[in-house]
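Numbering (this note's numbering), first residue to last: 2 to 203.
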């Protein structure tokens, strides 16, 4: 009887310490070396296990051309969630294509000017909290490839932080700071969590 109790307790403790599994979906055109880099960044930053899923095309259901050819980020994370979460805890999509959302005001109406916010291009989107996110490289490009890569890492860490329940942070140097539609905000942020945000994860 004691052995059975000990075994049950051991299995429980092992389960408590198992790392969460994040599936990374590289959408068509995403370079394998970028996928590898992001995999290592997420794994080291949040102490999770990474599984890289096969490359796939972006979903036809998410395509839109209201202003220009784009893919709806809200549709992407919803479809990912439905398609990939049977054996994973989280799923993160990586794409080079432009992605967008509709931005609303506090009353639930499309922000003004409506022509700008009905189909608004973004860098990434995630459920907060939740288990699906997507990040695009389309709006983070810089002539210096190191800056582009730094932005990519920060946006991925930021969006996955939302999945873990972290909201936007008032600390402008925290990676969870709100970009407020400016790439400069991403550049100014550090690739780390402030003390307050770290505390929310522990």
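Beta carbons: idealized from backbone N, C-alpha and C, even for Gly.
Pair within 7 Å by beta-carbon distance, residue i and residue j
i	j	result
residue 49	residue 23	yes
residue 121	residue 102	yes
residue 59	residue 72	yes
Whole-angstrom distance between residue j and residue i, CA atom to CA atom
i	j	result
residue 201	residue 165	9 Å
residue 203	residue 123	29 Å
residue 150	residue 199	23 Å
residue 2	residue 20	For residue 2, the pLDDT reaches just 48, beneath the cut-off of 50, and the residue's location in the model is therefore unreliable, leaving the point undetermined.
residue 15	residue 51	Any answer about residue 15 is weak, because its pLDDT of 41 lies below 50 and its placement is not dependable; what the coordinates show is given next. The straight-line gap from Cα to Cα measures roughly 19 Å.
residue 191	residue 178	10 Å
residue 25	residue 173	28 Å
residue 128	residue 144	31 Å
residue 39	residue 146	15 Å
residue 187	residue 155	7 Å
residue 86	residue 78	11 Å
residue 113	residue 181	15 Å
residue 194	residue 183	19 Å
residue 125	residue 74	7 Å
residue 220	residue 35	Because residue 220 is not part of the residues shown, which for the chain are 2 to 203, the question remains open.
residue 92	residue 84	10 Å
residue 169	residue 130	12 Å
residue 117	residue 104	9 Å
residue 61	residue 115	25 Å
residue 82	residue 88	11 Å
residue 148	residue 197	27 Å
residue 45	residue 64	33 Å
residue 37	residue 80	23 Å
8 Å contact criterion, which residue i and residue j should meet: CB distance rounded
i	j	result
residue 69	residue 99	7 Å
residue 27	residue 95	5 Å
residue 119	residue 176	That pair is no contact at about 29 Å.
residue 139	residue 189	That pair is no contact at about 21 Å.
Taking one C-beta from the segment 154 to 171 and one from the segment 130 to 139 each time, how about it: are there three or more such pairs within less than 8 Å?
yes
Touching by the beta-carbon criterion (3+ pairs, under 8 Å), the segment 51 to 60 and the segment 107 to 117
no
Continuous alpha helix (DSSP H) assignments of at least 4 residues falling wholly in the segment 70 to 99
For the segment 70 to 99, the continuous alpha helix (DSSP H) assignments of 4+ residues that do not extend past its boundaries occur at 74 to 85, in sequence order.
Minimum length 3: unbroken beta strand (DSSP E) runs contained in the segment 101 to 179
121 to 123, 125 to 127, 133 to 137
Which ranges does the alpha helix (DSSP H) cover as unbroken runs of at least 4 residues, wholly within the segment 11 to 51, from first to last along the chain?
Runs found: 33 to 47.
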